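This report concerns only the one structure given below.
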Amino acid sequence: MPEAGNTGTSVGEAAVRAPKKQEAVPGLALGLALLSAGPVVILALLIVVLSFLSPYFLTGRNLSNILAQTAVISVVAMGQHLVILTRGIDLSVGSNVALASVVGALSFHAGAPAFLVIAVMVACGAAVGAINGLFYVFGRLPHPFIITLATLSIAKGLALQLADGRAIPGMPDAIDALGREAVWGLPGSVFVVAGVAAVLFAMAKTMVWGRWIYAVGGRPDAALRMGIPVSWVLVSVYVISGLCAGIGAVILAGRTDAGSPLFGNLLELDTIAAVIIGGASFLGGRGHLGHALIGAIMIGVIRNALNLLNVNVFFQLIVIGVVIVIAVESDVLRNYLEGRVRVMQAGRQS
Amino acid sequence: MSAVPASVDHAATAAEYPVLAVRGATKRFGSVVALDDVSIEVRRGEILGLLGDNGAGKSTLTKCISGVHQLDAGAILLDGAPTQIRSPADARFAGIETVYQDLALFDNLTPGQNFFAGRELAGPQWLPRGMRFLQQRRMDAETRVLLANLKVTLPRLDAVVAMMSGGQRQAIAVARSTVFARKVVILDEPTAALGLRESRQVLNLVATLRDQGNAVILITHNMEHVVELADRAVVLRQGRKVGELVPTKDNKQELVSMIVGA
């Protein structure tokens, strides 16, 4: 509980007088700036290095490929990001994608038109999200880990049951179009990702709801005392996360022209990794949508590069894992450095 | 009443009845009686010092007023009318502001965002509260005016409060209570963690709150501050009210013995 030490640290700050170390503040600030820009810098470096290592990497076709492959992770990671902002976690997103795609395929075969199939998939995702949020908040669960783990299992089982354990081929043409090239050599799915990103970014930035998410994530007890409807803010982020999973299902169904209970396997880990690698904080209340997108693209780039360089699939898992550790440690380091800056500013003041 | 100075105008018009009255407050936690039939009153433009040793019931009493706890028996009267305060949001809505000992600041937000947390200026009004659009420029402008009025200087208004010193954070928390305080402000040991100079700044803020016509309840262990600022002092011991007097330099010793019960 980071807030427990609040008054304690102020005592320390007031007591610390460090006139000699004052000139160290610019250095610290530089370190901090580097750390917060870290993911973008690393992504840029990665792209430069890879374009030297493989002649195929920087071709338009390959880049479009990377974006197409990361479309699902990107969209679902944006929902996951909102959940992580409130110190939560949504483990159910992968199974949610599978269930939504199966429900969509079944409704298509039952004769539903394209727009209805899309609506059904998105609504299915949002419904699972609503169950997560409502049980977490009003079931008074200590942590969302438990309820989303349960819905991970339930949604997966339900998808397998409904699809009889097999993929269901066939999707409306409008959905399949998302997987095909649309404009500038980019698949339609990339524009869906951009659209979702624009809407969510605007909502988080300009609406009271967005401000509340950061307040709840920064300090849940204070948010309650300030009269913020914490319960509903929490429910809303799980609904949005589920909704993003539904949109992810639409994209995946478009790419494969099918619904399948095996979709979205380990997607929960990919999306959590994307959010953390991108530079959002697990401690809540820190980060923005750009972090989730950069993290998702970074995962896509790393996978693509390892493929181009003929590195085997098992090793890819290890690389992603190592990157996650580095990302989390740099978050811890960032918090530590911020603490140092604060102490020094207090010293400089008095 | 005719010779009232202009600065206590508020107090003059409203002095007939207390803006906040607590009658017969009783609160139990299991078998522990935290508050036993305690009654207090505060008027506008007045600072009431709330004194007592650790565990005397000061925090419990203020938490009941600010909606964190509910009384088992007794009543809270605002402007003479019995008022139900079921949550912190109720209390704020009724015009009662609290500066908590742990400050309840959002480290990841800027001072301005902290001031307006939970009461953001936003529109249009016909939308549900959470869906309204933030009026960021209005909030920024009001933040600057507020800080200037209170003579609080902060290094940067666009930096998150995590980066600010203990005194600055305390000042932000007190300043936040002034934004919306309409009746009562409760301050729980506002200077406990501060150095001399920073304490002085916060005490000046407390005086400003009073001059604005609020009823101020000040919890503190510092007798100097009580004598300097408080118009009256109420002493609690083991959940009971054991005394009430006007604190002066001469009866400081009397106050201390009331607190420790010797």
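Chains W and G supply the protein sequences, listed in that same order.
With numbering that gives the first Met the number 0 applied, the first sequence covers 0 to 349.
With numbering that gives the first Met the number 0 applied, the second sequence covers 0 to 261.
We treat Cβ as the ideally placed atom computed from N, Cα and C, and that holds for glycine.
Given the structure is predicted, the values throughout are model-derived calculations rather than measurements.
One Cα belongs to Gly59 of chain W, the other to Gly184 of chain W, and the distance between them is close to 8 Å. Chain order gives the chain W residues near Gln112 of chain G as Arg210, Tyr213, Ala214, where near means a beta carbon separation below 9 Å. Interface flag for Met206 of chain W against chain G is set, since a Cβ pair is found closer than 8 Å.
Using beta-carbon distances, Phe179 of chain G does not count as an interface residue toward chain W, since no partner is under 8 Å. In the three-state DSSP reduction, Arg181 of chain G falls in the coil class, being neither helix nor strand.
Under the Cβ distance rule, Arg91 of chain G counts among the residues neighbouring chain W, one pair being separated by less than 8 Å. Apart from the 5 residues on each side of it in sequence, Leu49 of chain G sits with its Cβ closer than 6 Å to the Cβ of Lys57, Ile216, Ile218, Val233 in its chain, given in chain order. Distance between Gly169 of chain W and Leu27 of chain W, taken at the CA atoms: about 56 Å. For Met130 of chain G, the number of other beta carbons within 10 angstroms of its own is below 16, and it is reported as exposed. Pairing Val189 of chain W with Ala67 of chain W gives a Cβ-Cβ distance under 8 Å. One Cα belongs to Leu151 of chain W, the other to Glu328 of chain W, and the distance between them is close to 28 Å. Pro87 of chain G and Thr85 of chain W have their alpha carbons spaced roughly 21 Å apart.
Between Val92 of chain W and Ile246 of chain W, the C-beta spacing is not below 8 Å. For Leu145 of chain G, no chain W residue has a Cβ inside 8 Å of its Cβ, as the nearest lies near 17 Å away.
Assigned with DSSP and collapsed to three states, Arg209 of chain G falls in helix.
DSSP, read as helix, strand or coil, puts Met206 of chain W in strand. With a contact defined as Cβ atoms closer than 8 Å, Gly23 of chain G and Gly73 of chain G qualify at about 4 Å.
Within its own chain, the residues whose Cβ lies closer than 8 Å to the Cβ of Gln124 of chain G, once the five positions on either side in sequence are excluded, are Arg131, listed in chain order. Here the alpha carbons of Pro186 of chain W and Asn61 of chain W stand approximately 12 Å from one another.
Annotated three-state conformation of Pro186 of chain W is strand, per DSSP.
Assigned with DSSP and collapsed to three states, Pro168 of chain W falls in strand. Ala55 of chain G is positioned such that its CB atom lies no closer than 8 Å to that of Leu77 of chain G. A check of alpha carbon separations from Val96 of chain W across W:Ala197, W:Asp220, W:Ser240, W:Trp208 identifies W:Ser240 as the nearest. When only Cα atoms are considered, Met343 of chain W and Leu195 of chain G end up about 18 Å apart.
Residues of chain W whose Cβ lies closer than 9 Å to the Cβ of Arg131 of chain G are, in chain order, Met206, Val207, Trp208. If you look at Ser38 of chain G, you'll find it isn't in any alpha helix (DSSP H); it sits in the beta strand (DSSP E) that goes 31 to 41. Three or more beta-carbon pairs drawn from the region 315 to 333 of chain W and the region 29 to 43 of chain W are found closer than 8 Å, and the two stretches are therefore classed as touching.
In the structure shown, Gly129 of chain G adopts helical secondary structure according to DSSP, grouped into three states. Comparing C-alpha distances from Arg339 of chain W to each of G:Val183, G:Pro246, G:Met162, G:Lys26 shows the shortest one belongs to G:Met162. Take Ala222 of chain W, set aside five residues on each side of it, and the residues of its chain with a beta-carbon closer than 6 Å to its own are Ala214, Val215, Val229, in chain order. Between Ala166 of chain W and Ser259 of chain W, the CB-CB gap stays under 8 Å. Not one beta carbon of chain G lies nearer than 8 Å to the beta carbon of Val198 of chain W. Taking the beta carbon of Val340 of chain W as reference, the chain G residues within 8 Å of it are Met162, listed in sequence order.
By the Cβ neighbour-count rule, Gly299 of chain W is buried, with 16 or more other Cβ atoms within 10 Å of its own. If you draw a 10 Å sphere on the C-beta of Phe114 of chain G, you find 16 or more other C-beta atoms in it, and that means buried. Proximity of Leu223 of chain W to chain G, defined by a Cβ-Cβ separation below 8 Å, is satisfied.
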